[in-house]
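Enquirer: Residue numbers (this note's numbering): 219 to 599. After the structure tokens below, expect a handful of questions from me.
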Amino acid sequence: MTLTLNYTYRIYPDSKQEEMLSEWLEICRRSYNYALRELKDWIASRKCPIDRCSLESEYIMSADYPFPSYHFQQNQLPKAKKVFPSLSKIPSQVLQTNIRRLHDAWDFFRNRGFGFPRFKKYGQMKSLLFPQFRSNPLTGWQIKLPKLGNVQINLHRPIPNGFVIKQVRVIKKASGWFAVINIQSDLNLPEIETPFGHFLGIDVGLSSYLATSDNHVEKGRKFFKTEHRRLKVLQRRLARKQKRSKNYEKARLKVEKQHNHIAFKRKDYQFKLAHKCCDMGDSIFMEDIDFRIMAKGFLGKHSLDAGFGQFRDILKYVCKVRGKYFGLVDHRGTSQTCPNCRAQVRKTLSDRFHVCHECGYGVDNFVDRDVSAAQEICFKG
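And the structure:
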């Protein structure tokens, strides 16, 4: 089995390299919008009425014009470089992956229910992907990128032995530039298909971030709420600036940096919590809740702040890397069922303790309702 990991490092391009990266991002944005315009024109030409003329002028393609697929638009790039010489400034593979990004969004729209791809405005293109390297681009504290040269990198953790660098994605954020290095290794990791060892059920919530079947309760964390006061001040300052001015851009970067700070805190906490859960058990189970629907409720803001969906993905990833089993169980009835006798125990949101009058579980000692739900999840697993 091939093990794939992504390591994120901070990079420090000099002024010339930073200018080149910013120019490349803008060229990629324009090529993305151009390819999307061609795709939308092809769709519009195929659904234009044939018995009447449009009241507005439209760009109508011929009937024999092929569908602008990924391979079609990729093969048109050499011709486009003759018309638009600025495209030659970027490595060819970076342009190809940029077109690939558009068609991935198109496939998500058709097959996965996502929205239709939209045009990217100025400054909205944030990343470049270098998809292939002939040799190891890392030399000491530098990383060598095509047409960019050696870039200073903070290699705070080394690449593990046996791993090969496959791709590098350069990301621009308000706090600086980052490189996400994709590494792979053909390790003989066993495919864990059945539960084993100590079972652990996990129930997530807002009052307590999670509760386990081993009676461990993790205190609730509100990442956005704790930083909301600072964010509110920055957004008010931004609202008073004149749009498209230099002061407006400075204020916008401060708001973006604050959002990045909140996201970094949340992700760091979730990774540490995922490793803590893996230390508690060998087979971990969670509910198969669609957290997108949960976020549309009256506590949607707090649900999005908690980031339960992201935590579940992180926990699944950490379990895979550490050789643990991760599974999902049916979420229906976990908080309304006694984990001891399977009897139905109705509770409202104000009932914070589980008391079963059928078997007496929770009568003598107080059992948190989240802990009882986690125990029921563990039983289902």
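Glycine included, C-beta positions come from ideal geometry on N, C-alpha and C.
1) Output the boundary residues of the beta strand (DSSP E) element that contains Trp395.
2) In this structure, does DSSP put Tyr340 in helix, strand or coil?
3) State buried or exposed for Pro408, treating a residue as buried only when at least 16 other CB atoms are found within 10 Å of its CB.
4) Starting from the Cα of His520, find the closest Cα among Ala592, Tyr427, Trp324 and Thr226 and give me that residue.
5) Just reading off the beta strand (DSSP E) that Arg387 is part of, what are its end residues?
6) Grab me the residues of Val547's own chain with a C-beta within less than 6 Å of its C-beta, minus the 5 sequence neighbours each way, in chain order.
7) Are the segment 394-409 and the segment 490-509 in contact at 8 Å, needing three or more beta carbon pairs?
8) Hey, Gln311 and Pro349 are a contact pair by Cβ (cut 8 Å); roughly how many whole angstroms apart?
9) Would you call Cys495 buried or exposed, if buried means 16 or more other Cβ atoms sit within 10 Å of its Cβ?
10) Return the Cβ separation of Pro413 and Lys365 in integer angstroms, given the expectation that the two are a contact with Cβ distance under 8 Å.
11) Excluding five sequence neighbours on each side, which residues of the same chain lie with their C-beta closer than 7 Å to the C-beta of Leu517?
12) At 4 residues or longer, what runs of the alpha helix (DSSP H) sit wholly inside the segment 509-569?
13) In the DSSP assignment, find the alpha helix (DSSP H) that holds Thr315 and state where it starts and stops.
14) Do Tyr340 and Ile317 have their C-beta atoms closer together than 8 Å?
15) In this structure, how does DSSP classify Val573 when only helix, strand and coil are distinguished?
16) DSSP on Ile377, reduced to helix/strand/coil?
17) Which same chain residues end up closer than 6 Å to Phe584 when comparing Cβ atoms and leaving out the 5 residues on each side of it in sequence?
18) Please state if the CB of Arg255 and the CB of Lys338 are separated by a distance shorter than 8 Å.
19) Ser280 by DSSP, collapsed to three states: which one?
20) Beta strand (DSSP E) containing Tyr600: first to last residue?
21) Are Leu363 and Pro376 closer than 8 Å when you measure CB to CB?
22) With a CB to CB cut of under 8 Å and the five nearest residues on each side skipped, what residues in its chain are close to Cys559?
23) Just to confirm the assignment, what range does the alpha helix (DSSP H) spanning Phe417 have?
24) Can you list, in chain order, the residues of its chain whose CB lies under 6 Å from that of Asp588, leaving out five sequence neighbours each side?
25) Quickly, what does DSSP pair Gln360 with across the bridge? List them, please.
26) Determine the direct distance from the alpha carbon of Leu452 to that of Ser240, and round the result to whole angstroms.
27) Does DSSP put Phe503 in a helix, a strand or coil?
28) Glu474 lies in the alpha helix (DSSP H); which residues open and close that run?
29) At the level of alpha carbons, what is the spacing between Met343 and Pro335?
30) Can you tell me where the alpha helix (DSSP H) with Leu449 in it begins and where it stops?
31) Name the residue from Tyr487, Lys443, Leu313 and Gly499 whose alpha carbon lies nearest to the alpha carbon of Phe529.
32) Between Trp242 and the rest of its own chain, which residues show a CB-CB distance below 8 Å, the 5 nearest in sequence each way excluded?
33) My assumption, with CB atoms under 8 Å, is that Ile245 sits in contact with Trp395. Please give the rounded CB distance.
Expert: Concretely, from the data shown:
1) It spans Gly394 to Ser403 - the beta strand (DSSP E) in which Trp395 sits, taken as one unbroken run.
2) In the three-state scheme derived from DSSP, where H, G and I count as helix and E and B as strand, Tyr340 is classed as coil.
3) Exposed, because fewer than 16 other Cβ atoms sit within 10 Å of the Cβ of Pro408.
4) Minimum Cα distance to His520 is reached at Tyr427.
5) Residues Val382 to Lys391.
6) The residues Phe503, Ile595, Lys598 and Gly599, in chain order, have a CB closer than 6 Å to that of Val547 in the same chain once the five nearest residues on each side in sequence are set aside.
7) The segment 394-409 vs the segment 490-509: no contact.
8) Contact flag correct, Cβ pair sits at about 5 Å.
9) When all chains shown are included, Cys495 counts as buried.
10) So it is not a contact: roughly 50 Å between Cβ atoms.
11) A distance below 7 Å between beta-carbons, with the five flanking residues on each side excluded, links Leu517 to the following residues of its chain, in chain order: Leu424.
12) Qualifying alpha helix (DSSP H) stretches, in chain order: 509-512, 518-524 and 526-540.
13) In the DSSP annotation of this structure, the continuous segment of the alpha helix (DSSP H) that includes Thr315 starts and ends at Ser310 to Asn329.
14) With a cutoff of 8 Å on beta-carbon distance, Tyr340 and Ile317 are scored as not near each other.
15) Judged by DSSP in its simplified three-state form, Val573 adopts coil rather than helix or strand.
16) Secondary structure at Ile377: coil, using DSSP grouped into helix, strand and coil.
17) Taken in chain order, the residues that qualify are Phe571.
18) Not closer than 8 Å, so no.
19) Coil.
20) Missing from the structure shown is residue 600; the chain here goes from 219 to 599 and no further.
21) Pro376 sits away from Leu363, with the two beta carbons spaced by 8 Å or more.
22) Apart from the 5 residues on each side of it in sequence, Cys559 sits with its Cβ closer than 8 Å to the Cβ of Cys574, Glu576, Cys577 and Tyr579 in its chain, given in chain order.
23) From DSSP, Phe417 is part of no alpha helix (DSSP H) but of the beta strand (DSSP E) over Phe417 to Val422.
24) Asp421, Gly423, Ser426 and Ala429.
25) Beta-bridge annotation (DSSP): Gln360 is paired with Thr357 and Gln370.
26) The straight-line gap from Cα to Cα measures roughly 25 Å.
27) If DSSP states are grouped into helix, strand and coil, Phe503 belongs with the strands.
28) Where Glu474 is concerned, the enclosing alpha helix (DSSP H) stretches over Lys464 to Met498.
29) Spanning the alpha carbons of Met343 and Pro335 requires a straight line of approximately 14 Å.
30) Its alpha helix (DSSP H) spans residues His446 to Ala457.
31) Cα-wise, what sits closest to Phe529 is Tyr487.
32) The answer, listed in chain order, is Lys307, Ile308, Val312 and Leu346.
33) Ile245 to Trp395, Cβ: 17 Å. No contact.
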